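Peer 1: First the structure, then my questions, so here it is.
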Amino acid sequence: MAHLYKCTKCDNYTLNPKICPKCGGPVSDPKPPKYSPQDKYGVYRRKAKRASINV
Ligand SMILES: [Zn+2]
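Be aware that the sequence shown starts at 789, since it is given in my numbering, and climbs by one per residue.
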């Protein structure tokens with residue numbers, strides 16, 4: 789399946805990973821693979837665990 793990028797200017801979806809072929813604006817990955825929300829929740833989990841031990 790092809791990876792789609794989204795233009796930040798005109799919201800056009802394109803296969804071009806760098807620029808939008810429609811308006812020449814910058815594109816962004818709608819689902820950035822670097823971002824991991826699980827790490828954020830992991831912090832809260834560890835805090836909650838520590839709190840329960842202290843009680
Ligand atoms: Zn565009």
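Think of the CB as a built atom: it goes at the ideal place given N, C-alpha and C, for glycine as much as any other residue. Nothing here was measured: the structure is a model prediction, and the numbers come from that model.
Locate the beta strand (DSSP E) running through Cys795, then write down its first and last residues.
Peer 2: From DSSP, the beta strand (DSSP E) with Cys795 extends over Tyr793 to Cys795.
Peer 1: What distance in whole Å lies between the Cβ atoms of Thr802 and Cys808, which are believed to be in contact at a cut-off of 8 Å?
Peer 2: That pair is a contact at about 6 Å.
Peer 1: Per DSSP, which one or two residues make a beta bridge with Val815?
Peer 2: DSSP, once it has assigned bridges, lists Cys795 as partnering Val815.
Peer 1: So which of His791, Pro814 and Asn804 has the shortest CA-CA distance to Lys797?
Peer 2: Closest option to Lys797, Cα to Cα, is Pro814.
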